[in-house]
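See structure below.
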Amino acid sequence: MTEAIEIEDLHKHFGQNEVLRGIDLTVGTGQVVCVIGPSGSGKSTLLRCVNLLEQPTKGTVRVRGVEVTDPDVDIDEVRRTIGMVFQQFNLFPHMTALQNVMIAQQRVLKRGRKEAEVVARENLEKVGVGAKCDAFPAQLSGGQQQRVAIARALAMNPDLMLFDEPTSALDPELVGDVLAVMRKLAEEGMTMLVVTHEMGFARQVADRVVFMDGGVVVEDGPPAQVIGDPQHERTRAFLHRVLHPEG
Amino acid sequence: MADEPKTAEPGRARLSPRKRQRISRGVQYAVLTIAFVALVVYADWGSLAQNFAQPDVAGQMLPELFTIALKNTVIYSVGGFAFAFVFGLIVALMRLSTVGPYRWLATLYIEIFRGLPALLVFLMIVFLPLALPGFEVPGGTYGQAILGLGLVGTAYQAEIFRAGLQAVPKGQTEAARSLGMSAARAQITVVIPQAIRIVIPPTTNQFVALLKDSSLVLFLGVSGEFVELTKFGNDMASTHANATPILVAGLTYLIVTIPLGYLAGRLEKRKGTAR
Ligand SMILES: Nc1ncnc2c1ncn2[C@@H]1O[C@H](COP(=O)(O)OP(=O)(O)OP(=O)(O)O)[C@@H](O)[C@H]1O
Ligand SMILES: [Mg+2]
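Chains as they are written, first to last, in the working numbering: chain L, 525 to 771; chain Z, 798 to 1072.
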């Protein structure tokens, strides 16, 4: 069986700055993999290389067997099968929640208006913002915006979802709603690659946790091992900082 | 006295800043009042009225003032503006393109047409048939005027659009691309609509500037049914040997430009609060 994501020897430079230095990572179909690590360790860059928002400098990325790094591959076609959720939501501010979820269905998947609207309402309902269809993003709380963003990605029927710190921009009391939606997705069998600082979520939901530092994968294993019993000093130090922020 | 040291002996009342401000304000009002009185007393009101406010001369400008002159001013300005809007957007997109030659061409265009006096561009259009024998700008006088205003307006509008496009956060394009939209599709459905909202206030100002520049059509050597406000006022002033038509033409411009200026201000304010 082909894996959902296979990353081999991935390097990414920004000028002289070597941000990723040879990443190997596999995400099996239906798996939830959480990526943790200090700021600047290259987590976002890794995620953005999967759907080619960043062009890797070297190495291969395969998504369900398709090598996205191959210049002959139609990246737009691959991207529509990969949902992405951003830290800053990135909803389209000039469109209502409903239109946000409809637009790519109509323009990319060429679904008709009616069908797109039905799918949009279903997905907004599913993430718990069905009552906010006609609201503009500016009229929604951060937690509601992020859930609309998740619905927008889900409406494309993606094979896998990428989350880049989806709760980091949220007020603490709104984090739970978004994590609950993600938990539900995981239970439904969605393949997910999640960059997060939510250790509780990683521990309970992830099949594997990957600890990155300085552009390499330091540790990769089940949460009980990586979070519960880390083998590397760097992992231990990071976890100590995250779990005991007061020092 | 003004340079009184800070350590003035106690007991001697110094002017508080508030008092000083009140006195200074009083002096300013007094100067203004004297100037105004002098103007009223010394100006030759009879002669001024004779030259600038002759009701019968003004009356003779009707209805052509509106049916021809203002109409043409609006046609030239709106036409030139539409030209500048469409090509301004294209030039702005070229300017921001990843394709080098597009960028260079757009930059060259903007630098040239922002650097030249609009009048010179109009004169070039007049002399175009000399350079290209047999060539004629389609649309006659209207075509020439709209081309002249449009060529210059495009350069300014392109810079306005560039700023607007750059003000749309990069995350918007990334979200659109991650949903499978092509680069062009993302621009059209996500970036450009937001950019247009951002540029509405400066674009309104740009339209006012273009409306005023439409007076340069005068130099295309237009006459009869093609005259716009300035030319019309000038012609009527010559005919009657009286300046009233100039004043009337000026007021007619203001009827259009002042409300537009207010509109731009309101839109600017609304943008400030809405985002
Ligand atoms: N477009 C870019 N151009 C230049 N440098 C970049 C770019 N994007 C990221 N970087 C650099 O790459 C490094 C890793 O960035 P990245 O965003 O992947 O880290 P991260 O692990 O996601 O950090 P955080 O937890 O703060 O989000 C940083 O040093 C950053 O400055
Ligand atoms: Mg990041």
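Beta carbons are placed, not taken as given, at the ideal position from N, Cα and C, and that holds for glycine.
All values derive from a computational prediction rather than experimental measurement.
{"Check": "I'd like the list of long-range same chain contacts for Ile997 of chain Z, defined as Cβ closer than 7 Å, with 5 residues on each side in sequence excluded.", "Outcome": "Leu1064"}
{"Check": "Would you say Ala964 of chain Z lies against chain L (beta-carbon separation less than 8 Å)?", "Outcome": "no"}
{"Check": "Taking DSSP as the reference, what is the three-state secondary structure of Glu801 of chain Z?", "Outcome": "With a pLDDT of 49 at Glu801 of chain Z, under the threshold of 50, the modelled position of that residue is not reliable, and no figure is offered here."}
{"Check": "Among residues of its own chain, excluding the 5 on either side of Ala675 of chain L, which ones have a beta-carbon nearer than 6 Å to its beta-carbon?", "Outcome": "Val625, Asn647, Leu648 and Val651"}
{"Check": "Consider the C-beta atom of Val543 of chain L and the heavy atoms of ligand 1; say whether any pair is separated by less than 7 Å.", "Outcome": "yes"}
{"Check": "Should Glu578 of chain L be counted as a contact of ligand 2 given a C-beta to heavy atom distance under 7 Å?", "Outcome": "no"}
{"Check": "For chain A, is any of its Cβ atoms less than 8 Å away from the one on Asp600 of chain L?", "Outcome": "No chain A is present in this structure, whose protein chains are L and Z."}
{"Check": "At a CB distance below 7 Å, what residues from the stretch 574 to 588 of chain L approach chain Z? Give them in sequence order.", "Outcome": "Asn575 and Leu577"}
{"Check": "Just the chain Z side, please: which residues come within less than 7 Å of Ile674 of chain L by C-beta, in chain order?", "Outcome": "Chain Z residues near Ile674 of chain L: none, gap ~12 Å exceeds 7 Å."}
{"Check": "At a cut-off of 7 Å, is Gly561 of chain L close to ligand 1 when judged by its beta-carbon and the heavy atoms of the ligand?", "Outcome": "yes"}
{"Check": "Closer than 8 Å between beta carbons: that is the criterion. Which residues of the stretch 996 to 1017 of chain Z meet it against chain L?", "Outcome": "none"}
{"Check": "Applying the 10 Å Cβ sphere with the 16-neighbour rule, what's the burial state of Glu757 of chain L?", "Outcome": "exposed"}
{"Check": "Compute the distance between the beta-carbons of Asp533 of chain L and Gly583 of chain L, then report whether it is under 8 Å.", "Outcome": "yes"}
{"Check": "Lys708 of chain L to Asn681 of chain L, Cα distance in whole Å?", "Outcome": "16 Å"}
{"Check": "Starting from Leu534 of chain L, follow the alpha helix (DSSP H) in both directions and report where the run begins and ends.", "Outcome": "No alpha helix (DSSP H) holds Leu534 of chain L; the beta strand (DSSP E) holding it covers Ile529 to Phe538."}
{"Check": "Starting from Met736 of chain L, trace the beta strand (DSSP E) both ways and give me its first and last residue.", "Outcome": "Arg732 to Asp737"}
{"Check": "Have a look at Leu1057 of chain Z and Pro999 of chain Z and give me their C-alpha separation to the nearest angstrom.", "Outcome": "11 Å"}
{"Check": "Can you grab the Cα-Cα spacing for the pair Val1019 of chain Z / Leu836 of chain Z, in whole Å?", "Outcome": "39 Å"}
{"Check": "Just how far apart, CA to CA, sit Thr593 of chain L and Gln579 of chain L?", "Outcome": "8 Å"}
{"Check": "For Phe687 of chain L, which residues does DSSP report across the bridge?", "Outcome": "L:Val609 and L:Val718"}
{"Check": "Helix or strand or just coil, what does DSSP make of Ile751 of chain L?", "Outcome": "coil"}
{"Check": "Please list, in chain order, the chain L residues whose beta carbon lies closer than 9 Å to that of Thr938 of chain Z.", "Outcome": "None at all; the shortest Cβ gap to chain L is about 40 Å."}
{"Check": "Is Glu689 of chain L near ligand 1, judged by its Cβ being under 7 Å from some heavy atom?", "Outcome": "yes"}
{"Check": "How about Gly700 of chain L and Gly554 of chain L: are their beta carbons less than 8 Å apart?", "Outcome": "no"}
{"Check": "With 16 as the cutoff for other CB atoms within 10 Å, does Lys1066 of chain Z come out buried or exposed?", "Outcome": "exposed"}
{"Check": "Quick one: Cα of Leu678 of chain L to Cα of Val574 of chain L, how far?", "Outcome": "18 Å"}
{"Check": "Determine the direct distance from the alpha carbon of Asp753 of chain L to that of Ala621 of chain L, and round the result to whole angstroms.", "Outcome": "43 Å"}
{"Check": "So which of Z:Gly897, Z:Ser874 and Z:Glu956 has the shortest CA-CA distance to Glu908 of chain Z?", "Outcome": "Z:Glu956"}
{"Check": "I want to see whether chain L comes within less than 8 Å of Arg1067 of chain Z, judged by CB atoms only; does it?", "Outcome": "no"}
{"Check": "Would the beta-carbon of Leu1051 of chain Z fall within 8 Å of that of Phe878 of chain Z?", "Outcome": "no"}
{"Check": "What are the residues of the stretch 628 to 649 of chain L that lie near chain Z, defined by any Cβ-Cβ distance shorter than 7 Å?", "Outcome": "Ala628, Arg631 and Val632"}
{"Check": "Give me the chain Z residues within the contact set of Gln670 of chain L, using Cβ-Cβ distance strictly less than 9 Å, ordered along the chain.", "Outcome": "The contacting residues do not exist; Gln670 of chain L stays about 12 Å from chain Z at best."}
{"Check": "With a threshold of 8 Å between beta carbons, is His535 of chain L in contact with chain Z?", "Outcome": "no"}
{"Check": "To the nearest whole angstrom, what separates the beta carbons of Asp688 of chain L and Ser568 of chain L, a pair I think is in contact under 8 Å?", "Outcome": "5 Å"}
{"Check": "Under a CB-based cut-off of 8 Å, is Met680 of chain L close to chain Z?", "Outcome": "yes"}
{"Check": "Could you list which residues in chain Z have their beta carbon closer than 9 Å to that of Phe616 of chain L, in chain order?", "Outcome": "Gln969, Ala972, Ala973, Thr986, Val987, Pro990 and Gln991"}
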